[in-house]
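Counting from 1, position 65 in the sequence shown corresponds to residue 64 in numbering that gives the first Met the number 0; the numbering is continuous, with no gaps. In what follows, a structure is listed as structure tokens, so that the remarks can point back to it.
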Amino acid sequence: MHELSIAHSLIELATQAAAQAGVTRVTAVHLRLGVLAGVVKDALLFGFEIASAGTILEGARLEIEDLPLRIHCAACDTVVTLPDIQHFRCPYCGTPGNRIMSGRELELSALEYDDTVADSAGESYVNSATP
């Protein structure tokens, strides 16, 4: 299950970004995940929950944005979203072997954090950041 090692890497990256921002508790991690990334989403969610225990991400949500397979067809100069990963042909002209534009992503896109700070008037502020 390589999803557990991916979860560990996400936690390491998020922890580093949070430390740079002076954050003490992360409430959500946003991930962009392409259909061709070879990651089983449920296994990643499970691995994230296990790997985040005892860290500043413990209890944080892992929000996954699924990214479809998009290709560029040189024959008809069109960028299209393919309905599945089984057919790498342009749906308009049928040309095979098109260039992949998206669908391989595995990127940490944002963090949400709860770093409540009380000012002199007793007001509280909740912050968020994008690494």
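Backbone N, C-alpha and C fix where the C-beta goes; we use that ideal spot for every residue, glycine too.
Short Cβ contact (8 Å threshold) for residue i with residue j
i           : j           : result
residue 14  : residue 43  : no
residue 107 : residue 66  : no
residue 50  : residue 103 : no
residue 78  : residue 89  : no
residue 45  : residue 9   : no
Which listed residue (the options) has its alpha carbon closest to that of residue i
i           : options            : result
residue 52  : 105, 31, 3 and 21  : 3
residue 70  : 111, 46, 84 and 54 : 84
residue 62  : 88, 78, 38 and 29  : 29
residue 38  : 48, 5, 75 and 88   : 5
residue 131 : 17, 79 and 7       : For the chain, the structure presents residues 0 to 130; residue 131 sits outside this window and is missing.
residue 75  : 86, 46 and 98      : 98
residue 73  : 100, 58 and 64     : 100
Boundaries (first-last residue) of the beta strand (DSSP E) holding residue i
i           : result
residue 23  : Residue 23 -> no beta strand (DSSP E), and no H or E assigned at all.
residue 109 : 105-112
residue 75  : No beta strand (DSSP E) contains residue 75, which DSSP labels as neither H nor E.
Residue range of the unbroken alpha helix (DSSP H) whose run includes residue i
i          : result
residue 49 : 40-50
Sheet register partners of residue i (DSSP bridge)
i           : result
residue 30  : 63 and 107
residue 101 : 69
residue 82  : In the DSSP output, where bridge partners are listed per residue, residue 82 has none listed.
Taking 8 Å as the threshold, find out whether the stretch 86-96 comes into contact with the stretch 23-37 through three or more Cβ pairs. no
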